[in-house]
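From first to last, the protein sequence lines are chains A and B.
Take 63 as the starting number for the first sequence in the numbering used here and just add one per residue.
Take 13 as the starting number for the second sequence in the numbering used here and just add one per residue.
Structure first, then comments.
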Amino acid sequence: MADKNGFFDLSKMTLSRRTALKGMAAGAGLALAPGFVRYSQAQSSAPIRIGFQSHRTGIGAAYGRWYEKTSAAAVKAINDAGGIGGRKVELVIEDDGTDPARGAEVVNKFAKQHKTDIVFGTLFSHVVIGSAPAAGENKIPYFVVSEGHHVASTKLNRYVFQPGITDVKSQIQSMAPWIAANAGKKVTQIFPDFAFGYDHRDYLPPALKAQGADVIAQIAIPPTESSFTKYFPQIPAETEVIYHVMVGPAVLTFVKELGEFYGSQRPQLFGFIDSLEAVDINSPGLEFLDGSHFWEGSPRYAQPDDSAAQKAYRAAVGIDDNGAAVGDPKDVSTAAHMFGCWETLYVVKKAMEDAGYKGPEDRAKLVEATEALKEFAEGPEHPQGPKTFNGKIHQCFGIQNISKVEGGKLKVVHKTKLEDGLYEPEGDYTTQAL
Amino acid sequence: MRNASPAKTYALHISVIALLFALNFVLPDYHQGLFARIMALAVFAMGYNLLFGYVGLLSLGHAMFFSAGLYGAGLTVYHLGWGVPEAFVAGVACGALLALVIGLLALRTSGVAFMIVTMMFAQVFYLLILYFAAWTGGDQGLVIQQASRVIAIGGASFDLTDPTVRYMSALALFSIILLVTLAVVCSRFGRVLVAIRENEERTKMLGYDTVANKLTAVVASGAICAASGAAYALLFGYVGSSFASVQYSILPLLWVLLGGAATTLGPLIGTLFMYYVTDITSGFTSAYLLIVGVALILLVLFFPKGILGSIRERWLRWLP
Numbered sequence: 063m064a065d066k067n068g069f070f071d072l073s074k075m076t077l078s079r080r081t082a083l084k085g086m087a088a089g090a091g092l093a094l095a096p097g098f099v100r101y102s103q104a105q106s107s108a109p110i111r112i113g114f115q116s117h118r119t120g121i122g123a124a125y126g127r128w129y130e131k132t133s134a135a136a137v138k139a140i141n142d143a144g145g146i147g148g149r150k151v152e153l154v155i156e157d158d159g160t161d162p163a164r165g166a167e168v169v170n171k172f173a174k175q176h177k178t179d180i181v182f183g184t185l186f187s188h189v190v191i192g193s194a195p196a197a198g199e200n201k202i203p204y205f206v207v208s209e210g211h212h213v214a215s216t217k218l219n220r221y222v223f224q225p226g227i228t229d230v231k232s233q234i235q236s237m238a239p240w241i242a243a244n245a246g247k248k249v250t251q252i253f254p255d256f257a258f259g260y261d262h263r264d265y266l267p268p269a270l271k272a273q274g275a276d277v278i279a280q281i282a283i284p285p286t287e288s289s290f291t292k293y294f295p296q297i298p299a300e301t302e303v304i305y306h307v308m309v310g311p312a313v314l315t316f317v318k319e320l321g322e323f324y325g326s327q328r329p330q331l332f333g334f335i336d337s338l339e340a341v342d343i344n345s346p347g348l349e350f351l352d353g354s355h356f357w358e359g360s361p362r363y364a365q366p367d368d369s370a371a372q373k374a375y376r377a378a379v380g381i382d383d384n385g386a387a388v389g390d391p392k393d394v395s396t397a398a399h400m401f402g403c404w405e406t407l408y409v410v411k412k413a414m415e416d417a418g419y420k421g422p423e424d425r426a427k428l429v430e431a432t433e434a435l436k437e438f439a440e441g442p443e444h445p446q447g448p449k450t451f452n453g454k455i456h457q458c459f460g461i462q463n464i465s466k467v468e469g470g471k472l473k474v475v476h477k478t479k480l481e482d483g484l485y486e487p488e489g490d491y492t493t494q495a496l
Numbered sequence: 013m014r015n016a017s018p019a020k021t022y023a024l025h026i027s028v029i030a031l032l033f034a035l036n037f038v039l040p041d042y043h044q045g046l047f048a049r050i051m052a053l054a055v056f057a058m059g060y061n062l063l064f065g066y067v068g069l070l071s072l073g074h075a076m077f078f079s080a081g082l083y084g085a086g087l088t089v090y091h092l093g094w095g096v097p098e099a100f101v102a103g104v105a106c107g108a109l110l111a112l113v114i115g116l117l118a119l120r121t122s123g124v125a126f127m128i129v130t131m132m133f134a135q136v137f138y139l140l141i142l143y144f145a146a147w148t149g150g151d152q153g154l155v156i157q158q159a160s161r162v163i164a165i166g167g168a169s170f171d172l173t174d175p176t177v178r179y180m181s182a183l184a185l186f187s188i189i190l191l192v193t194l195a196v197v198c199s200r201f202g203r204v205l206v207a208i209r210e211n212e213e214r215t216k217m218l219g220y221d222t223v224a225n226k227l228t229a230v231v232a233s234g235a236i237c238a239a240s241g242a243a244y245a246l247l248f249g250y251v252g253s254s255f256a257s258v259q260y261s262i263l264p265l266l267w268v269l270l271g272g273a274a275t276t277l278g279p280l281i282g283t284l285f286m287y288y289v290t291d292i293t294s295g296f297t298s299a300y301l302l303i304v305g306v307a308l309i310l311l312v313l314f315f316p317k318g319i320l321g322s323i324r325e326r327w328l329r330w331l332p
């Protein structure tokens with residue numbers, strides 16, 4: 063073939079800048095080809111990135127710190143055992159300031175900037191509810207450890223799950239049989255006058271009614287209140303049990319003033335440990351709680367009958383027999399809730415492996431795989447106890463502990479049955495489009 | 013404002029709007045979303061600036077106007093199933109009405125008393141939201157579902173959860189309010205407001221009804237803040253009482269002081285600055301509020317009139 067255009071005639075060839083750049087680019091591409099193959103392999107073995115929406119500052123900071131510790135311990139345990147589907151797990155942490163507006167931004171940041179596979183770890187209800195729309199819009203699975211009823215209410219969206227901790231409605235319902243049988247049948251409730259208190263206000267009376275007991279008075283205390291003595295005369299004289307769920311720093315004053323009001327002749331006291339998470343039960347002013355009972359999700363103090371899994375979990379997280387940080391007895395943990403982080407990460411592991419999860423393109427598969435989960439057996443992955451999971455309402459159900467304050471410690475005196483906390487689903491997330 | 017030629021001023025503002033429009037196409041996904049939020053909240057700051065910057069009335073209760081819009085729009089969608097445009101109008105109307113009532117009462121005071129009275133009313137509003145938790149969702153708030161956040165116009169529908177639609181909607185609101193604010197500031201009414209700020213007694217003596225002018229400014233400011241709140245609920249899908257807390261009364265003050273009080277573009281710059289300082293520093297340390305605080309102190313030291321206020325004072329004296 064004749065070379066009419068002088069294509070092969072090097073003497074006629076002119077090399078423009080563009081041609082040179084094209085040639086160099088092609089050459090570079092070929093030279094790097096083996097590296098590109100390596101990169102492709104690296105993608106499939108790259109770590110699974112979990113965006114941890116942490117309450118590092120703001121009102122939830124005490125919880126946030128322990129949620130981080132527990133999650134880091136769970137990630138280490140998962141990685142030491144081979145990771146998720148053979149891939150290491152990496153936590154990417156962002157502080158939401160325990161603020162719902164910032165929370166939504168953090169979810170956006172995880173989805174769009176950090177490009178994490180999922181978002182995880184939120185506790186405070188208002189942050190969960192504020193962040194949920196962002197999770198739904200980004201179609202990124204959002205695994206919360208909040209104990210609020212908001213997920214199970216099916217008012218959020220299909221991308222929000224709570225598989226590692228029971229919700230407050232279930233917890234309250236589980237307490238009723240024990241209260242009615244052991245503490246008394248005439249109950250007066252004292253609760254903060256905002257949503258956390260309203261869950262108790264609304265769910266306890268029907269649960270007690272079903273057990274033949276009654277709420278005879280409900281005393282709502284404004285959230286701005288700092289002294290409580292003026293509310294105590296409203297407690298009916300025939301009260302057999304005071305059910306209290308005060309939260310925040312005011313709890314110390316509340317207990318002290320309640321003690322001054324009643325002296326040694328007091329009704330039975332039953333409370334939710336939420337009030338005293340991260341607070342030493344032996345703090346001055348809390349002596350009045352001696353002999354009273356508390357709900358605990360997972361026991362703060364080591365119990366004589368702790369399972370091997372529970373012992374291993376406590377050692378991995380770094381809490382001593384009193385539920386404080388190993389080496390710092392004053393750093394009391396949020397033991398009743400933080401186990402939920404550990405268990406949720408193992409649920410994520412199971413769901414990702416079931417879904418054959420490869421990357422963000424499989425998020426819808428991950429949602430369906432999570433919804434398909436039914437039961438979590440008690441063991442190293444679920445040290446708090448066995449659980450069932452309702453995929454329609456994205457909520458797990460489990461056992462609860464009732465502990466008595468005795469000798470400056472919380473001793474578990476009753477474990478509820480899993481069935482005690484079950485209720486009729488209020489909706490079905492699986493009908494929503496993915 | 014000195015030697016301001018209207019053409020030059022409007023050209024600057026339209027350039028800013030054009031720049032924000034262009035940014036939609038070049039910003040990475042995360043920043044596109046963040047800018048939408050910043051523009052919606054800059055409207056809040058602009059509403060605040062109208063009263064604080066131009067009339068000189070320091071309110072510590074503007075969270076109630078923002079949340080009146082937030083709840084006015086959010087609750088009508090959530091409970092009554094209203095469409096987005098009607099809900100937005102409802103939100104703005106709630107804010108304007110509330111501002112009228114609050115204005116009538118609070119304008120009987122001035123100075124520190126005005127600050128305290130507005131703060132107390134805002135606290136009442138906040139507690140009312142908690143009290144009526146059965147409807148408002150209390151401190152936990154409510155989610156406006158994605159399906160409810162779609163605008164249907166004729167055969168077309170605009171999904172406010174789509175990042176571009178959301179950005180453009182926020183930009184549209186921001187642009188309208190920016191140009192309206194500019195027009196107000198340049199108008200005779202705007203000059204009367206500045207006169208009230210500088211010397212109310214003298215303004216009265218010149219024959220102006222300062223109370224009526226101030227009341228108009230309170231209502232306009234409240235309505236603009238409510239527009240921001242209504243947009244926030246509809247664009248981002250969350251309605252919660254934290255937006256009515258005192259923190260959200262202080263934030264617009266901070267944004268305006270940072271950007272430059274009594275400058276039309278200052279609220280945008282202040283909001284942008286605060287958001288990005290928080291966003292960037294929170295990635296490095298949990299003590300990011302300390303860094304924000306230090307940045308604020310430095311700004312006060314070197315830019316006592318805010319970023320744009322200082323620029324106007326030193327170089328661009330024609331800035332509105």
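Idealized CB from N, CA, C, for every residue including glycine.
No experiment lies behind these values; they were computed from the predicted model shown.
Would K231/A be called buried (16 or more neighbouring beta carbons within 10 Å of its own) or exposed?
Within the first sequence, the letter at position 169 stands for residue 231/A. That one is buried.
Across which residues does DSSP place Y204/A in a beta bridge pair?
By one-based count along the first sequence, residue 204/A stands at place 142. Note: Y204/A sits in a beta bridge opposite V181/A and V222/A.
CA-CA distance, D367/A and T478/A?
Along the first sequence, one-based indexing puts residue 367/A at 305. Along the first sequence, one-based indexing puts residue 478/A at 416. Cα to Cα, the separation comes out at about 16 Å.
If the cut-off is 9 Å on Cβ atoms, which residues from the region 36-49 of chain B count as contacting chain A, listed in chain order?
Cβ contacts with chain A come from P40, D41, Y42, H43, Q44, G45, L46 and R49.
Go ahead and label N211/B buried or exposed: buried means 16 or more other beta carbons lie within 10 angstroms of its beta carbon, across all protein chains shown.
Translated into positions along the second sequence, residue 211/B becomes position 199. It counts as exposed.
Going by alpha carbons, who is nearest to G470/A out of F253/A, L218/A, K420/A and L348/A?
The residue given as residue 470/A occupies position 408 in the first sequence. Comparing Cα-Cα distances from G470/A to each of F253/A, L218/A, K420/A and L348/A, the minimum goes to L348/A.
So that I know if they touch, is there some Cβ in chain B lying closer than 7 Å to that of S187/A?
Mapped onto the first sequence, residue 187/A falls at position 125. Closer than 7 Å to some Cβ of chain B, the Cβ of S187/A qualifies, so yes.
What are the residues in the region 130-154 of chain B lying within 8 Å of chain A by C-beta distance?
So the close ones are L139, L142, Y143, A145, G149, G150, D151, Q152, G153 and L154.
I'd like to know if D157/A contacts chain B, where contact means its C-beta is closer than 7 Å to some C-beta of that chain.
For the purposes of this step, residue 157/A is taken as the residue at position 95 of the first sequence. Chain B contact via Cβ: present.
Taking its Cβ as the centre, do 16 or more other Cβ atoms sit within 10 Å of V312/B, making it buried, or is it exposed?
Counting from 1 along the second sequence, the entry for residue 312/B is found at position 300. V312/B should be labelled exposed.
Anyone know if the C-beta pair for I146/A and K411/A falls short of 7 Å?
Stepping through the first sequence from its first residue, residue 146/A is reached at position 84. Stepping through the first sequence from its first residue, residue 411/A is reached at position 349. Yes.
Apart from the five residues on each side of it in sequence, which residues of its chain come closer than 7 Å, Cβ to Cβ, to A413/A?
Mapped onto the first sequence, residue 413/A falls at position 351. The answer, listed in chain order, is L428, A431, T432 and L435.
Less than 8 Å between the CB atoms is what I'm expecting for A52/B and Y244/B, so what's the real figure, rounded?
Here the question's residue 52/B lines up with position 40 in the second sequence. Here the question's residue 244/B lines up with position 232 in the second sequence. Rounded, the Cβ-Cβ distance is 5 Å, consistent with contact.
In the DSSP assignment, what residue or residues form a beta bridge with Q115/A?
Residue numbering aside, residue 115/A sits at position 53 when the first sequence is read from its first letter. The partner list for Q115/A (beta bridge, DSSP) reads E156/A.
So, are the CB atoms of P448/A and G252/B less than 7 Å apart?
The residue you call residue 448/A lines up with position 386 of the first sequence. The residue you call residue 252/B lines up with position 240 of the second sequence. The answer is no: Cβ separation not under 7 Å.
Beta carbon of M58/B, beta carbon of P316/B: below 7 Å?
Walking along the second sequence from the start, residue 58/B turns up at place 46. Walking along the second sequence from the start, residue 316/B turns up at place 304. Taking 7 Å as the Cβ cut-off, M58/B and P316/B do not qualify as a contacting pair.
How many Å lie between G166/B and F126/B at the Cα?
Locating residue 166/B in the second sequence gives position 154, counting from the first residue. Locating residue 126/B in the second sequence gives position 114, counting from the first residue. Distance between the alpha carbons of G166/B and F126/B is about 47 Å.
In the region 204-233 of chain A, which residues sit with their C-beta less than 9 Å from some C-beta in chain B, listed in chain order?
Within the region 204-233 of chain A, the residues whose Cβ lies closer than 9 Å to some Cβ of chain B are G210, H212, K217, L218 and N219, listed in chain order.
Taking Cβ-Cβ distances shorter than 7 Å, what residues in chain A pair up with F378/B?
Summary: the structure shown does not reach residue 378/B, with chain B confined to residues 13 through 332, and so no result is reported for it.
Which partner residues of Y305/A appear in the DSSP bridge assignment?
Within the first sequence, numbered from 1, the residue matching residue 305/A stands at position 243. Partner(s): Q251/A and F332/A.
Go to D482/A, then tell me how far its alpha helix (DSSP H) extends in each direction, as first and last residue.
Position 420 of the first sequence, counting from 1, holds the residue named residue 482/A. Run containing D482/A: none; DSSP gives neither H nor E here.
Given this structure, state the Cα-to-Cα distance separating F248/B from K373/A, to the nearest angstrom.
Numbered from its first residue, the second sequence carries residue 248/B at position 236. Numbered from its first residue, the first sequence carries residue 373/A at position 311. Distance between the alpha carbons of F248/B and K373/A: 44 Å.
Which residues in the same chain have their Cβ closer than 7 Å to the Cβ of W267/B, if we skip the five residues on either side of it in sequence?
On the second sequence, position 255 is the one that residue 267/B refers to. Correct list, in chain order: A57, P279, G282, T283 and M286.
For S160/B, collect the residues of the same chain with a Cβ closer than 7 Å to its Cβ; drop the 5 residues on either side in sequence, then sort them by chain order.
Locating residue 160/B in the second sequence gives position 148, where the first residue counts as 1. The answer, listed in chain order, is V89.
In angstroms, rounded to a whole number, what distance separates the CA positions of L35/B and T290/B?
Residue numbering aside, residue 35/B sits at position 23 when the second sequence is read from its first letter. Residue numbering aside, residue 290/B sits at position 278 when the second sequence is read from its first letter. One C-alpha to the other measures close to 21 Å.
For K392/A, is the classification buried or exposed, using 16 other Cβ atoms within 10 angstroms of its Cβ as the cut-off for buried?
In the first sequence, counting from the first residue as 1, residue 392/A sits at position 330. Flag for K392/A reads exposed.
Taking Cβ-Cβ distances below 7 Å as the criterion, which residues of the region 257-269 of chain A are in contact with chain B?
Within the region 257-269 of chain A, the residues whose Cβ lies closer than 7 Å to some Cβ of chain B are A257 and Y260, listed in chain order.
Run through chain A and tell me which residues come within less than 9 Å of G252/B, C-beta to C-beta.
As a working note, residue 252/B is residue 240 in the second sequence. Those are P162, A163, H188, I191 and G192, listed as they occur along chain A.
On a Cα-Cα basis, can you pick out the residue from S354/A, G353/A and L185/A that is closest to V213/A?
To locate residue 213/A, count along the first sequence from 1; it is residue 151. Nearest C-alpha to V213/A: L185/A.
Taking only beta-carbon atoms, is N200/A less than 7 Å away from chain B?
The sequence position of residue 200/A within the first sequence is 138, counting from 1. Closer than 7 Å: no.
Can you look up D161/A in the DSSP assignment and give me helix, strand or coil?
Taking the first sequence and counting its residues from 1, one reaches residue 161/A at position 99. DSSP places D161/A in coil when its eight states are reduced to three.
For a test of the three-state rule: what should DSSP assign to A282/A, helix, strand or coil?
As a first step, residue 282/A must be located in the first sequence, where it is residue number 220. In this structure, A282/A counts as strand in the three-state DSSP scheme.
Please work out which residues of its chain come closer than 8 Å, Cβ to Cβ, to G89/A, disregarding the five sequence neighbours upstream and downstream, and give them in chain order.
Residue mapping note: residue 89/A aligns to position 27 of the first sequence, counting from 1. With a pLDDT of 45 at G89/A, under the threshold of 50, the modelled position of that residue is not reliable, and no figure is offered here.
Just how far apart, CA to CA, sit P298/A and F205/A?
As a position in the first sequence, residue 298/A is number 236, starting the count at 1. As a position in the first sequence, residue 205/A is number 143, starting the count at 1. Going by the C-alpha atoms only, they are around 42 Å apart.
Would F77/B and A111/B be called neighbours here (beta carbons separated by less than 7 Å)?
Here residue 77/B refers to the residue found at position 65 of the second sequence. Here residue 111/B refers to the residue found at position 99 of the second sequence. Closer than 7 Å, so yes.
Rounded to whole angstroms, what is the Cα-Cα separation between I278/A and S240/B?
If you number the first sequence from 1, residue 278/A lands on position 216. If you number the second sequence from 1, residue 240/B lands on position 228. About 45 Å.
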